[in-house]
Amino acid sequence: MQGMEDQSVDLIIADPPYNLKKNFGNQSDHWKDVESWLDWSKKWIDECTRVLKPSGSIFIYGIHHYICYIQCYLYEKDLKYQRQIIWYYENGFSGYKTLNAFY
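Have a look at this one:
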């Protein structure tokens, strides 16, 4: 995104790594702690907000453990939060063994 013009994008859809420490064959989902993940997230969010038009929108996929950190940072960037979209899993798909993380 660094080569893109400021305020040139109408819509950004982001599905960043969730910091679940899963092995995807690379280190794309491994951070030392939440603060390290959040520092990394702030960098890509800064780039997104730089290229986003004032009338544009950002859709960010996230997991309930961490999306609150993203939302707070978006408020700090003075972006207007519209709403949370819940992805309802009909069959209750979940990677958790004891508690489902779906609505």
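Read left to right, the sequence shown gives residues 1 to 103 (our numbering). The beta carbon of each residue, even a glycine, is placed where N, CA and C say it ideally should be.
Contacts around residue i, its chain only, beta-carbon distance under 8 Å, and the 5 residues preceding and following it disregarded
i  : result
Q2 : E47
Rounded separation between residue i and residue j - CA only
i   : j   : result
I86 : L79 : 20 Å
Y75 : E90 : 32 Å
D15 : Y61 : 5 Å
T49 : D39 : 15 Å
E35 : P17 : 14 Å
D33 : F59 : 24 Å
Cutoff 6 Å; reference residue i; Cβ partners in own chain excluding five residues on either side
i  : result
M4 : V51
Residue i, buried or exposed, once every other Cβ within 10 Å from all chains shown has been counted against 16
i   : result
S41 : buried
I13 : exposed
I70 : buried
I63 : exposed
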